[in-house]
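The structure appears below as structure tokens.
There are 2 protein chains.
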Amino acid sequence: MTYCIGLRLNAGLVFLSDSRTNAGLDAISTFRKMIVYEKPGDRFMCLLSAGNLSISQSVREILQVEKIPAGEGEEPISIWNAKSMFDVARVLGSAVRRVYQQDGPSLKQAGIDFVASFILGGQIGNEAMRLFLVYSAGNFIEATRETCFFQIGESKYGKPILDRVLTPTTPLDEAAKCALVSMDSTLKSNLSVGLPLDLLVYRADSLQADQVVCIDERNPYFKMIHETWGERLREVFEGIDDPVWDGGDANHPLMVGSERHEPMKKIGHAGEKIV
Amino acid sequence: MTYCIGLRLNAGLVFLSDSRTNAGLDAISTFRKMIVYEKPGDRFMCLLSAGNLSISQSVREILQVEKIPAGEGEEPISIWNAKSMFDVARVLGSAVRRVYQQDGPSLKQAGIDFVASFILGGQIGNEAMRLFLVYSAGNFIEATRETCFFQIGESKYGKPILDRVLTPTTPLDEAAKCALVSMDSTLKSNLSVGLPLDLLVYRADSLQADQVVCIDERNPYFKMIHETWGERLREVFEGIDDPVWDGGDANHPLMVGSERHEPMKKIGHAGEKIV
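Chains A and B, in that order, give the protein sequences. The numbers in the numbering used here rise by one with no breaks, and the one at position 198 of the first sequence is 213. The numbers in the numbering used here rise by one with no breaks, and the one at position 161 of the second sequence is 176.
Next up, the structure:
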């Protein structure tokens with residue numbers, strides 16, 4: 016399994032990926048899922064991948080040479096000459112479809128689904144930063160102001176904190192912290208997501224990666240997050256009042272509000288309905 | 016979809032269920048997923064169900080009259096004369112298999128999977144409280160000291176808080192609070208889980224339900240949890256240091272620890288590897 020996050024904020028982009036790959040529980044390996052394509056001063060692009068490793072590796076390989084037709088008399092479009100991130104996403108979609116043409120029928124014959132998904136983000140020249148989610152059919156969607164992040168892989172455990180904290184105005188360092196908390200929750204609940212992590216921060220308009228760091232279990236900041244977050248969460252939890260059942264002198268009695276709906280079905284011996 | 020939780024603590028049992036049922040996004044209904052079977056002073060049993068509603072409703076109906084063979088010369092075992100919760104789980108498994116015999120072939124013909132799962136907990140006479148997770152094949156597992164809760168349905172969003180907080184020694188009211196926080200995270204992240212909620216608390220050896228409450232959006236306690244939890248979570252998040260990149264004078268520099276692994280692959284224009 017995999018967990019990858021891509022964030023698009025006003026201040027820049029943040030990418031985080033784990034490195035666990037497994038084929039069953041007894042075949043666990045470490046594969047990096049982040050790759051950066053960069054021509055400093057001209058373009059910065061980062062790709063995160065999830066799904067079948069043979070597919071995503073092939074896509075990454077092909078992406079470097081993939082070309083799609085341009086207007087008449089113009090050079091075909093590659094990731095290195097594309098004028099917009101939208102075109103780069105189209106080139107990526109085309110690479111995915113090429114791998115599908117090559118491997119899809121044999122995979123199908125073997126009963127294996129063609130499963131792969133990608134987060135692609137970056138900036139080219141004077142264009143604004145953009146972030147895409149590319150599906151296994153090669154189609155894609157783009158992040159907007161309302162939905163400023165994408166997740167691929169094992170995304171559910173780590174989604175609540177992103178939902179609660181992130182907005183487009185979140186500063187970059189805080190966003191990196193948020194991504195790491197989200198990853199920490201996922202690591203705790205799912206064995207098939209594992210260290211080391213790759214974290215990349217891109218500052219708007221810099222046209223090259225700003226911070227790139229590989230995080231393993233000895234990283235002091237991630238260790239601090241891992242220990243502090245769980246502890247503080249328990250403190251907050253303990254700080255919230257327990258329910259009060261009778262509604263006597265409490266501010267938030269739990270029994271209030273129960274009159275609106277019928278209580279659930281309660282069945283007594285011999286099938287008579289008690290309530 | 017559905018989200019249900021069953022907890023087995025030293026002090027008692029806690030059950031919580033939502034009530035959203037959907038068949039596609041345009042057919043959303045409210046169905047209660049908790050049912051209590053009770054003979055005060057003799058036995059208390061609570062059943063939560065997830066999966067295909069036609070299956071779980073049929074199982075609930077059949078369960079009231081289902082019997083499995085007992086030893087020679089003894090009366091067949093029903094949920095009302097079973098001497099142990101283990102036998103009740105067997106009766107439930109038998110009811111699930113009966114529905115499979117009745118509906119399974121037609122469902123298969125229609126391309127519909129036979130999907131249903133159940134949390135069953137309770138206490139009979141002098142036996143200890145027990146909690147089971149029953150699968151759609153009628154087989155089941157039991158909660159232990161190490162794994163003291165079961166979830167069915169949309170379980171991932173709400174699992175981190177259970178993992179971090181619950182132990183067998185958690186007091187009942189605190190456990191109810193924990194279940195509600197877990198439900199709140201799930202409600203926030205998944206539209207297919209919805210109010211009202213059914214919450215039931217059973218105190219050990221009481222042989223009847225202790226607290227039963229139906230919680231809708233006007234319930235003051237759940238409203239308080241909903242507002243407070245998100246707010247405090249953000250406060251905790253803000254209270255954790257942002258990463259420091261250069262490792263200068265900080266306690267938890269993020270860049271430290273990055274020497275152990277190669278940085279991820281970085282590809283420059285024309286395919287040369289930059290790093």
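All residues carry an ideal CB built from backbone N, CA and C; glycine is no exception.
Checklist line | Chain-ordered chain A contacts of PHE17 of chain B [CB-CB under 9 Å] | finding: Position 2 of the second sequence holds residue 17 of chain B. Checking the displayed sequence, the identity of residue 17 of chain B turns out to be Thr instead of Phe. Here the premise fails: no neighbours, minimum Cβ distance about 14 Å.
Checklist line | Proximal chain B residues relative to TYR172 of chain A, where beta-carbon distance stays under 8 Å | finding: Stepping through the first sequence from its first residue, residue 172 of chain A is reached at position 157. Residues of chain B passing the Cβ test: LYS171, TYR172, LYS174 and PRO175.
Check: DSSP state of THR243 of chain B, grouped into three classes?
Finding: Here residue 243 of chain B refers to the residue found at position 228 when the second sequence is read from its first residue. Looking at THR243 of chain B - three-state DSSP - the assignment turns out to be helix.
Check: Where are the beta strand (DSSP E) runs, 3 residues long or more, that stay fully inside the stretch 20 to 51 of chain A, in chain order?
Finding: Entirely contained in the stretch 20 to 51 of chain A, the beta strand (DSSP E) runs reaching 3 residues are, in chain order, 27 to 32, 35 to 37 and 43 to 45.
Next item on the list: Alpha carbon to alpha carbon, how far is SER64 of chain A from PHE147 of chain A? Give it in angstroms, no decimals.
Entry: Against the first sequence, residue 147 of chain A aligns to sequence position 132. Against the first sequence, residue 64 of chain A aligns to sequence position 49. A direct Cα-Cα distance of roughly 12 Å separates PHE147 of chain A from SER64 of chain A.
Checklist line | Inter-residue Cα distance where the pair is VAL80 of chain B and LEU107 of chain B | finding: Within the second sequence, residue 80 of chain B is the residue found at index 65, counting from 1. Within the second sequence, residue 107 of chain B is the residue found at index 92, counting from 1. Taking the straight line from one Cα to the other gives about 10 Å.
Item checked: Own chain, CB closer than 7 Å to TYR172 of chain B, minus 5 neighbours either side, in chain order -> Taking the second sequence and counting its residues from 1, one reaches residue 172 of chain B at position 157. Contacts found: SER200, THR201, SER204 and ASN205.
Next item on the list: Would you mind sorting GLU53 of chain B into buried or exposed? The rule is 16 or more other CB atoms within 10 Å of its CB.
Entry: As a working mapping, residue 53 of chain B is identified with position 38 in the second sequence. GLU53 of chain B should be labelled buried.
Checklist line | Collapsed DSSP secondary structure at MET16 of chain B in the structure displayed | finding: The sequence position of residue 16 of chain B within the second sequence is 1, counting from 1. In the three-state reduction of the DSSP assignment, MET16 of chain B falls in the coil class.
Notebook entry, point to check: Short check: CB of LEU68 of chain B to CB of ILE50 of chain B, under 8 Å?
Noted result: On the second sequence, position 53 is the one that residue 68 of chain B refers to. On the second sequence, position 35 is the one that residue 50 of chain B refers to. ILE50 of chain B sits away from LEU68 of chain B, with the two beta carbons spaced by 8 Å or more.
Checklist line | Segment limits, alpha helix (DSSP H) that includes ARG75 of chain B | finding: Here residue 75 of chain B refers to the residue found at position 60 of the second sequence. Looking at the DSSP string, the run of the alpha helix (DSSP H) that includes ARG75 of chain B is 68 to 78.
Notebook entry, point to check: Any chance the stretch 82 to 98 of chain A sits against the stretch 153 to 170 of chain A, with 3 or more Cβ pairs inside 8 Å?
Noted result: Contact between the stretch 82 to 98 of chain A and the stretch 153 to 170 of chain A is absent, because fewer than three Cβ pairs lie under 8 Å.
Notebook entry, point to check: Would GLN116 of chain B be called buried (16 or more neighbouring beta carbons within 10 Å of its own) or exposed?
Noted result: By one-based count along the second sequence, residue 116 of chain B stands at place 101. Within 10 angstroms of the beta-carbon of GLN116 of chain B lie fewer than 16 other beta-carbons, which makes it exposed.
Check: For GLY136 of chain A, which beta-bridge partners are listed by DSSP?
Finding: Locating residue 136 of chain A in the first sequence gives position 121, counting from the first residue. Answer is A:CYS61 and A:LEU146, bridged to GLY136 of chain A.
Note to self: Quick check on GLN223 of chain B - is its C-beta less than 8 Å from some C-beta in chain A?
What the structure shows: As a first step, residue 223 of chain B is located in the second sequence; it is residue number 208 there, counting from the start. Chain A contact via Cβ: absent.
Notebook entry, point to check: Between ALA131 of chain B and SER151 of chain B, what straight-line distance do the alpha-carbon atoms span, to the nearest angstrom?
Noted result: Taking the first residue of the second sequence as position 1, residue 131 of chain B is located at position 116. Taking the first residue of the second sequence as position 1, residue 151 of chain B is located at position 136. Near 5 Å, if we compare the C-alpha coordinates of SER151 of chain B and ALA131 of chain B.
Next item on the list: Could you list the residues in the stretch 114 to 139 of chain B with a C-beta less than 7 Å from some C-beta on chain A, going in chain order?
Entry: Legend: CB atoms of the stretch 114 to 139 of chain B lying less than 7 Å from CB atoms of chain A are not found in any residue.
Check: Would you say CYS163 of chain B reaches chain A, if we count a Cβ-Cβ gap shorter than 8 Å as a contact?
Finding: Here residue 163 of chain B is taken as the residue at index 148 of the second sequence, counted from 1. Not one beta carbon of chain A lies nearer than 8 Å to the beta carbon of CYS163 of chain B.
Next item on the list: Could you work out which residues of chain A lie near ASP178 of chain B, taking near to mean beta carbons separated by less than 8 Å?
Entry: For the purposes of this step, residue 178 of chain B is taken as residue 163 along the second sequence, with counting starting at 1. Ordered by position in chain A, the residues that pass the 8 Å Cβ test against ASP178 of chain B are LYS203 and SER204.
Next item on the list: Taking PHE352 of chain A and ALA104 of chain A to be in contact with their CB atoms under 8 Å, please state how far apart those CB atoms are, rounded to whole angstroms.
Entry: With chain A covering 16 to 290 only, the question about residue 352 of chain A has no answer from this structure.
Next item on the list: Identify the continuous alpha helix (DSSP H) that holds GLN223 of chain B and give its terminal residues.
Entry: Residue 223 of chain B sits at position 208 when you count from the first residue of the second sequence. First-last for GLN223 of chain B: undefined, no H or E at that position.
Notebook entry, point to check: So with Cβ pairs under 8 Å, would you call THR243 of chain B a contact of chain A?
Noted result: Within the second sequence, numbered from 1, the residue matching residue 243 of chain B stands at position 228. THR243 of chain B counts as touching chain A.
Next item on the list: Can you tell me which of the three DSSP states TYR115 of chain B falls into?
Entry: For the purposes of this step, residue 115 of chain B is taken as the residue at position 100 of the second sequence. The three-state secondary structure of TYR115 of chain B, taken from DSSP, is helix.
Note to self: Using C-beta distances below 7 Å, list every residue in its chain close to LEU122 of chain B, excluding the 5 sequence neighbours before and after it, in chain order.
What the structure shows: Counting from one through the second sequence, the residue named residue 122 of chain B turns up at place 107. Hits under 7 Å: PHE129.
Next item on the list: Please state whether DSSP places ARG275 of chain A in a helix, a strand or coil.
Entry: For the purposes of this step, residue 275 of chain A is identified with residue 260 of the first sequence, where counting begins at 1. Because ARG275 of chain A carries a pLDDT of 37, less than 50, the predicted location of this residue cannot be relied on, and the following value inherits that uncertainty. Coil at ARG275 of chain A, not helix or strand.
Checklist line | DSSP beta-bridge partners of TYR172 of chain A | finding: Counted from its first residue, the first sequence places residue 172 of chain A at position 157. Under DSSP, TYR172 of chain A forms no beta bridge with any residue.
Next item on the list: Output, in sequence order along the chain, the residues in the stretch 64 to 96 of chain A whose CB is closer than 9 Å to any CB in chain B.
Entry: Those would be ARG75, GLN79, VAL80 and TRP95, in chain order.
Next item on the list: Return the residue from the list A:PHE164, A:ASP57, A:GLY168 and A:LEU195 that minimises the CA-CA distance to LEU181 of chain A.
Entry: For this step, residue 181 of chain A is matched to residue 166 along the first sequence. Of the candidates A:PHE164, A:ASP57, A:GLY168 and A:LEU195, the one whose C-alpha sits nearest the C-alpha of LEU181 of chain A is A:PHE164.
Margin query: Here's the rule: buried if 16 or more other CB atoms are within 10 angstroms of the residue's CB, otherwise exposed. What is ILE167 of chain B?
Written below: Residue numbering aside, residue 167 of chain B sits at position 152 when the second sequence is read from its first letter. With 16 or more other Cβ atoms inside 10 Å of its own Cβ, ILE167 of chain B counts as buried.
Next item on the list: Kindly list the residues whose CB is nearer than 7 Å to the CB of GLY263 of chain A, restricted to its own chain and excluding five residues on each side of it in sequence; keep chain order.
Entry: Counting from 1 along the first sequence, the entry for residue 263 of chain A is found at position 248. Legend: pLDDT at GLY263 of chain A = 47, less than 50; position of this residue unreliable, no value from coordinates given.
Next item on the list: May I ask which residues mark the beginning and end of the beta strand (DSSP E) holding GLU157 of chain A?
Entry: Within the first sequence, the letter at position 142 stands for residue 157 of chain A. First-last of the beta strand (DSSP E) with GLU157 of chain A: 155 to 157.
Notebook entry, point to check: For the putative contact between ILE139 of chain B and MET198 of chain B, defined by C-beta atoms under 8 Å, what is the C-beta separation to the nearest angstrom?
Noted result: Looking up residue 139 of chain B in the second sequence gives position 124. Looking up residue 198 of chain B in the second sequence gives position 183. Between the beta-carbon of ILE139 of chain B and that of MET198 of chain B there is about 28 Å, and that puts the pair past the 8 Å contact cut.
Notebook entry, point to check: By Cβ distance below 7 Å, which residues in the same chain neighbour VAL114 of chain B in space, the five residues on each side in sequence not counted?
Noted result: For the purposes of this step, residue 114 of chain B is identified with residue 99 of the second sequence, where counting begins at 1. Around VAL114 of chain B: ILE70, SER73, VAL74 and ILE77.
Check: Given a threshold of 16 other Cβ atoms within 10 Å of its Cβ, counted over all protein chains shown, does ASP213 of chain B qualify as buried or as exposed?
Finding: In the second sequence, counting from the first residue as 1, residue 213 of chain B sits at position 198. By the 10 Å Cβ count, ASP213 of chain B comes out buried.
Item checked: For LEU187 of chain A, the three-state DSSP class (helix, strand or coil) -> Walking along the first sequence from the start, residue 187 of chain A turns up at place 172. Of the three classes helix, strand and coil, the one that applies to LEU187 of chain A here is helix, per DSSP.
Item checked: SER109 of chain B beta carbon less than 8 Å from that of ILE134 of chain B -> The residue labelled residue 134 of chain B in the question sits at position 119 within the second sequence. The residue labelled residue 109 of chain B in the question sits at position 94 within the second sequence. The answer is no: Cβ separation not under 8 Å.
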